[in-house]
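Colleague: Can you read through this structure? Questions will come right after.
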Ligand SMILES: [Zn+2]
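Structure (structure tokens):
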């Protein structure tokens, strides 16, 4: 008997977030950590497996670093230097260049192994996201217990998902009822 349940299929996890296509890679990566009913769950290994990458210990620290940076951006605080060093090192580990084909197509090339390229892609997405003009729209979900981040697409958006919004409204309603 196996003590671990089988990993979720790509379709099961891929359909979980309806807005996934618009989520920057770095936010998607940061959100591989989630929490529900006080329990934290880690989806990083299945996120990597969906992309054909074998999980390695170095993927975790990059996620922690990106989460620290997004949290800092959401609070308009200075970026922690250790997190910056982790992201910048991942970005530098897979130098990339563009090539033009005869048919006009642009192909991205890199000499690094696939795992390093993915780390670098995630790091560069974070760098684009966290550079000067962008962080204003980066938010931490305000629902109780939620640990997800999101890029605000409309003014006053407070929650990462409709489910979190409903949960938070229900909690506020319950709190008001208790206070009356
Ligand atoms: Zn949420």
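In full-length UniProt numbering, the protein residues as written are 1 to 180. Built from N, CA and C at the ideal position, the CB exists for glycine as well.
1) Can you tell me whether residue 143 sits near ligand 1, meaning its C-beta is under 6 Å from at least one heavy atom of the ligand?
2) For residue 148, verify whether its CB is less than 6 Å away from any heavy atom of ligand 1.
3) Whole-angstrom Cβ separation of residue 126 and residue 87, contact assumed at under 8 Å?
4) Taking the DSSP output, what are the residues bridged to residue 150?
5) Ligand 1 and residue 164: does any heavy atom of the ligand fall closer than 6 Å to the residue's C-beta?
6) Quick one: residues in its chain with C-beta nearer than 6 Å to the C-beta of residue 24, no 5 flanking neighbours on either side, listed in chain order?
7) In the structure shown, what three-state DSSP assignment does residue 15 receive?
8) Note down the Cα distance separating residue 3 from residue 58, rounded to an integer number of angstroms.
9) With H, G and I counted as helix, E and B as strand and the rest as coil, what does DSSP make of residue 105?
10) CB-CB under 7 Å to residue 118, same chain, minus the five flanking residues each way: which ones, in chain order?
11) In angstroms with no decimal places, state the Cα-to-Cα distance between residue 66 and residue 136.
12) Compute every distance between the C-beta of residue 159 and the non-hydrogen atoms of ligand 1, then say whether any falls below 6 Å.
13) Where does the unbroken alpha helix (DSSP H) through residue 175 begin, and where does it stop?
14) Got a sec, what are the start and stop residues for the alpha helix (DSSP H) residue 46 sits in?
15) Taking the beta carbon of residue 107 as the centre, do at least 16 other beta carbons fall within 10 Å, making it buried, or is it exposed?
16) Assuming residue 72 contacts residue 80 under a Cβ cut-off of 8 Å, what Cβ separation, rounded to an integer in Å, is found between them?
17) What number of angstroms, rounded off, separates the C-alpha of residue 13 from the C-alpha of residue 161?
Modeller: In brief:
1) In the chain shown, the residue the question calls residue 143 occupies position 143. It does: the Cβ of residue 143 is within 6 Å (strictly closer) of some heavy atom of ligand 1.
2) The sequence position of residue 148 within the chain shown is 148, counting from 1. Checking every heavy atom of ligand 1 against the Cβ of residue 148, one is found closer than 6 Å.
3) Residue 126 sits at position 126 when you count from the first residue of the chain shown. Residue 87 sits at position 87 when you count from the first residue of the chain shown. That belief holds up - the Cβ atoms of residue 126 and residue 87 are roughly 5 Å apart, short of 8 Å.
4) Position 150 of the chain shown holds residue 150. DSSP output for residue 150 lists 139 as bridge partner(s).
5) Mapped onto the chain shown, residue 164 falls at position 164. Answer for residue 164: yes, Cβ within range of ligand 1.
6) For the purposes of this step, residue 24 is identified with residue 24 of the chain shown, where counting begins at 1. For residue 24, where only same-chain residues beyond five positions count, the Cβ hits under 6 Å are 125 and 129.
7) In the chain shown, residue 15 corresponds to position 15, counting from 1. Any answer about residue 15 is weak, because its pLDDT of 33 lies below 50 and its placement is not dependable; what the coordinates show is given next. DSSP, reduced to helix, strand and coil, places residue 15 outside both helices and strands of the structure shown, so it counts as coil.
8) One-based indexing of the chain shown puts residue 3 at position 3. One-based indexing of the chain shown puts residue 58 at position 58. Since pLDDT at residue 3 reaches only 47, below the 50 mark, its modelled position is unreliable, and the value read off the structure follows with that caveat. So the alpha carbons of these two residues sit roughly 25 Å apart.
9) For the purposes of this step, residue 105 is taken as the residue at position 105 of the chain shown. Of the three classes helix, strand and coil, the one that applies to residue 105 here is coil, per DSSP.
10) Your numbering for residue 118 matches position 118 in the chain shown. Leaving aside the five residues that flank residue 118 on each side, the residues in its chain whose CB is nearer than 7 Å to its CB run, in chain order, 51 and 53.
11) For the purposes of this step, residue 66 is taken as residue 66 along the chain shown, with counting starting at 1. For the purposes of this step, residue 136 is taken as residue 136 along the chain shown, with counting starting at 1. Spanning the alpha carbons of residue 66 and residue 136 requires a straight line of approximately 16 Å.
12) Taking the chain shown and counting its residues from 1, one reaches residue 159 at position 159. Yes, the beta carbon of residue 159 sits closer than 6 Å to at least one heavy atom of ligand 1.
13) Looking up residue 175 in the chain shown gives position 175. Counting along the chain, the alpha helix (DSSP H) containing residue 175 begins and ends at 162-179.
14) By one-based count along the chain shown, residue 46 stands at place 46. Start and end: 44-50.
15) Here residue 107 refers to the residue found at position 107 of the chain shown. Residue 107 comes out exposed.
16) Start at 1 with the first residue of the chain shown, and residue 72 comes out as number 72. Start at 1 with the first residue of the chain shown, and residue 80 comes out as number 80. For a cut-off of 8 Å, the C-beta gap from residue 72 to residue 80 is around 6 Å, short enough to register as a contact.
17) In the chain shown, counting from the first residue as 1, residue 13 sits at position 13. In the chain shown, counting from the first residue as 1, residue 161 sits at position 161. Note that residue 13 scores 33 on pLDDT, short of 50, meaning its location in the model is unreliable; the coordinates nonetheless yield the value given after this. Counting only the Cα atoms, residue 161 lies some 15 Å from residue 13.
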